Amino acid sequence: MSDVTPRPPRPLKPLPKAILALSQQSQPLDWSMVFGNDHPVELEVGSGKGLFLAREARRKPEHNFLGIEIAVKYAKEAAHRIDKNEIPNVQVHPGDALDFLARYVPTESLVAVHVYFPDPWWKARHRKRRVFREPLVLDVYRTLKVGGDFWVVTDVHEYYEVILSLMATHPEFDVQPEPEPNTPEHELDYLTNFERKYRIEGRPIYRAHYRKR
Ligand SMILES: C[S@@+](CC[C@H](N)C(=O)[O-])C[C@H]1O[C@@H](n2cnc3c(N)ncnc32)[C@H](O)[C@@H]1O
Numbered sequence: 001m002s003d004v005t006p007r008p009p010r011p012l013k014p015l016p017k018a019i020l021a022l023s024q025q026s027q028p029l030d031w032s033m034v035f036g037n038d039h040p041v042e043l044e045v046g047s048g049k050g051l052f053l054a055r056e057a058r059r060k061p062e063h064n065f066l067g068i069e070i071a072v073k074y075a076k077e078a079a080h081r082i083d084k085n086e087i088p089n090v091q092v093h094p095g096d097a098l099d100f101l102a103r104y105v106p107t108e109s110l111v112a113v114h115v116y117f118p119d120p121w122w123k124a125r126h127r128k129r130r131v132f133r134e135p136l137v138l139d140v141y142r143t144l145k146v147g148g149d150f151w152v153v154t155d156v157h158e159y160y161e162v163i164l165s166l167m168a169t170h171p172e173f174d175v176q177p178e179p180e181p182n183t184p185e186h187e188l189d190y191l192t193n194f195e196r197k198y199r200i201e202g203r204p205i206y207r208a209h210y211r212k213r
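Take the sequence shown: its position 45, counted from the start at 1, is 45 in my numbering, and no numbers get skipped.
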């Protein structure tokens with residue numbers, strides 16, 4: 001017989017309220033069930049630590065915001081920030097944005113999709129991991145309402161050119177004037193965490209805006 005008393009299991013930490021956890025269901029979601037209202041929904045692909053979600057949701061309390069972030073650590077960090085600041089109109093889902101769009105987002109249900117500083121995957125053999133590819137564009141088209149906005153920002157000129165070329169094969173999106181950067185008055189005024197870092201470093205930043213016909 002062993003003298004070692006088994007340790008009781010550690011209590012699980014509750015998830016932040018702003019985390020959208022899903023069971024294995026594969027039906028499209030009902031946004032009014034997710035957010036508790038019928039306000040327009042905007043989705044961010046790769047929301048990182050959540051600066052965009054927190055700032056934009058405060059600026060537009062009449063919209064709902066959903067961030068999809070594959071790195072669970074960042075998704076939780078963003079959700080903690082949302083909980084701490086008591087921002088009611090944001091949810092963050094830890095998962096793959098391409099999979100999420102395809103499985104859970106109803107057709108013509110979003111008013112905007114944002115993709116800011118997608119990972120460049122520099123090595124040629126890793127390029128297929130880039131999130132901004134044909135399947136993303138097709139699902140953004142399917143899930144946006146007519147007149148919905150598609151915003152893209154990157155610091156990688158080569159990736160930007162690939163994005164512009166891909167979008168040029170989709171005339172179902174109208175090209176909009178290139179968005180101007182804002183003039184930040186303090187450090188939380190930047191578009192995203194990566195925008196803040198790169199603007200402070202003085203890197204060029206490339207922006208594009210499309211609208212679904
Ligand atoms: C360079 S960071 C930019 C984060 C944020 N958008 C910003 O500008 O501060 C790219 C983010 O996209 C996330 N990401 C990469 N592929 C993804 C995917 N398929 N689905 C969701 N998130 C993804 C990464 O984990 C990372 O947090």
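Cβ atoms here follow ideal geometry from the backbone N, Cα and C, with glycine treated the same way.
Computed from a predicted structure; not experimentally measured.
Residue from the options with nearest C-alpha to residue i
i, options, result
"residue 117", "21, 40, 153 and 27", "153"
"residue 110", "155, 18, 148 and 56", "148"
"residue 63", "70, 53 and 173", "53"
"residue 159", "102, 207 and 33", "207"
"residue 193", "82, 73, 48 and 131", "48"
"residue 136", "124, 113 and 155", "113"
Near ligand 1: residue i beta-carbon under 7 Å from a heavy atom
i, result
"residue 70", "yes"
"residue 159", "no"
"residue 96", "yes"
"residue 113", "no"
"residue 192", "yes"
"residue 146", "no"
"residue 104", "no"
"residue 172", "no"
Residue i versus residue j: straight-line alpha-carbon distance, rounded
i, j, result
"residue 120", "residue 157", "10 Å"
"residue 40", "residue 4", "57 Å"
"residue 96", "residue 68", "7 Å"
"residue 191", "residue 51", "7 Å"
"residue 56", "residue 146", "22 Å"
"residue 35", "residue 172", "29 Å"
"residue 89", "residue 127", "34 Å"
"residue 211", "residue 12", "44 Å"
"residue 42", "residue 66", "6 Å"
Contained alpha helix (DSSP H) runs [length at least 4] in the segment 122 to 150, N- to C-terminal order:
134 to 143
Item to complete: Tell me the start and end of each unbroken beta strand (DSSP E) in the segment 31 to 76 that is at least 3 residues and wholly inside, in chain order.
Response: 41 to 45 and 64 to 69
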